[in-house]
Amino acid sequence: MEAAAAAVAPPPPVDPLREAKSRVQEEIKREFAAIMATGAVQAGEAAALATRRVMERHGLRRAAAAAAAAGGMQRG
């Protein structure tokens, strides 16, 4: 009976950083879809806006400003 108990592996440890990142990505995806559904902006602008909104919602204003600035940059 002890051999059977030893054969069952414990669940892998939960990585809180990975979990938080996953939640934020899902929230940004939902926000992006909602913005794109309006049809008012292009995909790149919608992505920057969705990221900014989610970051502001969580109190990350400084990071949101940096994301907005990076989203506004055009690459050659």
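When the letters of the sequence shown are read in order and numbered with numbering that gives the first Met the number 0, they come out as residues 0 to 75. Virtual Cβ for every residue (Gly too), placed ideally from N, Cα, C. For clarity, every value in this text was computed on a predicted model and none was experimentally measured.
With contacts defined by Cβ atoms closer than 8 Å, V53 and E18 do not form a contacting pair. A32 and G43 have their C-alpha atoms some 12 Å from each other.
Assigned with DSSP and collapsed to three states, A8 falls in coil, not helix or strand. Residue range 42-56 is occupied by the alpha helix (DSSP H) that includes A47. In terms of Cβ geometry, A47 and E30 do not form a close pair [threshold 8 Å]. The same chain holds no residue with a CB closer than 7 Å to that of A36 once the five nearest residues on each side in sequence are set aside.
Boundaries of the alpha helix (DSSP H) harbouring A32: 15-37, taken from the DSSP string.
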